[in-house]
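In case it helps, the working numbering puts the sequence shown at residues 503 to 890. Cβ atoms here follow ideal geometry from the backbone N, Cα and C, with glycine treated the same way. Keep in mind it's a predicted model, so treat the numbers as computed, not measured.
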Amino acid sequence: MNAIIIVGIILIIASLGLLWFRQNSAKKLQDIRDTETSKIDLHIETSQGIAKDMGSGYYAQYTEIKGAAVTDRPMISQFTKKECVYYRSQVTREWQEEVEDTDSKTGETRRRMERRSEVMADNVNSPDFWVDDGTGKLKIRPSGSQIEAMQVFDSFMPQNDPMLISKFNLSFLPHTNTIGYRLKEWIIPTNQSLYIIGEISDKDGELSLKKPQDKRTFIVSTKSENELIESSQKKILLATIGAIICFILGLFCLTYFFAYAASFAYVGSSAYAGETPLIKEIKFEKGTDEIEKVYFFMNARYFPQILPIEDKDFKLVCDFPNVKLNIGISSHIKTNGNLIRSIRVGIHQQPKPKIRVVLDLVSKKDYAVEPLFYEKEKIFAIEVKLKK
503 MNAIIIVGII LIIASLGLLW FRQNSAKKLQ DIRDTETSKI DLHIETSQGI AKDMGSGYYA
563 QYTEIKGAAV TDRPMISQFT KKECVYYRSQ VTREWQEEVE DTDSKTGETR RRMERRSEVM
623 ADNVNSPDFW VDDGTGKLKI RPSGSQIEAM QVFDSFMPQN DPMLISKFNL SFLPHTNTIG
683 YRLKEWIIPT NQSLYIIGEI SDKDGELSLK KPQDKRTFIV STKSENELIE SSQKKILLAT
743 IGAIICFILG LFCLTYFFAY AASFAYVGSS AYAGETPLIK EIKFEKGTDE IEKVYFFMNA
803 RYFPQILPIE DKDFKLVCDF PNVKLNIGIS SHIKTNGNLI RSIRVGIHQQ PKPKIRVVLD
863 LVSKKDYAVE PLFYEKEKIF AIEVKLKK
């Protein structure tokens, strides 16, 4: 049950995160819609006029520019070897790892291979460049901007693929279970049409477009204005739906948890007639090397159904039909015993509600199992000992 409240809290936090993302996307959309496209020659003429009267450094205008990316020193991208004014290259290692999980219904432990990944390298080259809209050229300082570049490369290569070294000049130390490497690249090619929104200013002694001082939107994108508007509208819609769903599910989990907790409220230490049996606490006792016990602190006299199961591992399955469980009891109790390795606790609804407790025993041993009940203390116990 502790997992339910954790999931509920995570979902509520996720809904708040989605609302924050929605607000940022809405602000970005508003900035794009409210800002008119301007021509570079107008900014050059206006800034020169102000500089003539007042000196440089007094011109600042939030605007959007549409033009082609140009530079007299184009870069060569790492993987595709294309001329560009910006590129980002990423290398991700993918590998397989054995994981272990437990079936909540049968108590069986299963092993499977799971694919995982980690980013080994993420290189960004984003120097200043120019944009030409046909009326003039303007310097772009992309530092701090949201850059939306074109993805031009996405390829997976096995670990021993010779092209990693021969073509891409990449070499890595060998890793156990590595499947291979995924290479990705994004670029802004030279002469690519761009949509740019930001602040044009001559405060650095040169007229340029850069990050606004008032935290307004700063975008350098290979997408058109209409594409950005459509993308923002879609993000706002999905974030709104996601936030509502996460909030409702989170609220349901928390409500269910507190309702469940209220149903398990227990006052006093003795049971009264007709009270629903309740497991208040589970404790492990490590006796000698040949005897170990598990104690179930109850509120009434109760004997569960005990079934020994032997497959890959030997275990005792104890079913408590129509019994409630204290919410403070852990779902997995490590014992480090010589006979009992661990205790797993779960709640099952089918075919009838019951609490299932699985005692994982050390394999290849001959056991004797004895159920006990201490009437005065209302304690049910399972004694596991080696047969002599």
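Counting of Cβ neighbours within 10 angstroms places residue 719 among the buried residues, the total reaching 16 or more.
Here the C-alpha atom of residue 732 lies approximately 25 Å from the C-alpha atom of residue 711. DSSP places residue 680 in the uninterrupted beta strand (DSSP E) bounded by 680 to 691. Residue 554: not part of any beta strand (DSSP E); member of the alpha helix (DSSP H) spanning 542 to 556, first to last residue. For residue 880 and residue 519, the gap between their C-alpha atoms comes out near 48 Å. Collapsing the DSSP output to three states places residue 625 in a strand.
DSSP places residue 785 in the uninterrupted beta strand (DSSP E) bounded by 780 to 788.
Residue pairing by DSSP puts residue 845 in a beta bridge opposite 835, 861. Ranked by Cα distance from residue 709, the first of 622, 876, 614, 633 is 633. Per DSSP, the continuous beta strand (DSSP E) segment holding residue 562 begins and ends at 562 to 572. Burial state of residue 662 is exposed, judged by a 10 Å Cβ sphere holding fewer than 16 other Cβ atoms. Taking the CA atoms as reference points, residue 521 sits about 16 Å from residue 753.
Residue 802: not part of any beta strand (DSSP E); DSSP gives it neither H nor E.
In this structure residue 589 is buried. Its beta-carbon is surrounded by 16 or more other beta-carbon atoms within 10 angstroms. Listed in chain order, the non-local C-beta contacts of residue 745 below 6 Å within the same chain comprise 517, 520, 521, local neighbours out to five positions each way being set aside. Taking all protein chains shown into account, residue 592 has 16 or more neighbouring C-beta atoms within 10 Å of its C-beta and is therefore buried.
Taking a C-beta distance under 8 Å as the contact criterion, residue 883 and residue 796 qualify as a contact pair. With contacts defined as CB atoms closer than 8 Å, residue 546 and residue 730 fail to qualify as a contacting pair. With contact defined as three or more Cβ pairs closer than 8 Å, the segment 782 to 792 and the segment 836 to 848 are in contact. One alpha carbon belongs to residue 576, the other to residue 757, and they sit about 59 Å apart. CA-to-CA, the gap between residue 659 and residue 626 works out to about 21 Å.
Cβ contact annotation for residue 657 (same chain, cutoff 6 Å, sequence separation greater than five): 685, in chain order. The beta carbon of residue 735 lies closer than 8 Å to those of 531 in the same chain, with the five residues before and after it left out. Residue 876 and residue 799 have their C-alpha atoms spaced approximately 10 Å apart.
Residue 660: member of the beta strand (DSSP E) spanning 652 to 660, first to last residue. In the structure shown, the three-state DSSP call for residue 529 is helix. With 16 or more other Cβ atoms inside 10 Å of its own Cβ, residue 741 counts as buried. Boundaries of the beta strand (DSSP E) harbouring residue 807: 807 to 812, taken from the DSSP string. For residue 817, the three-state secondary structure derived from DSSP is strand.
When DSSP states are grouped into helix, strand and coil, residue 700 belongs to the strand group. With a contact defined as Cβ atoms closer than 8 Å, residue 696 and residue 722 qualify at about 6 Å. DSSP links residue 604 through a beta bridge to 611.
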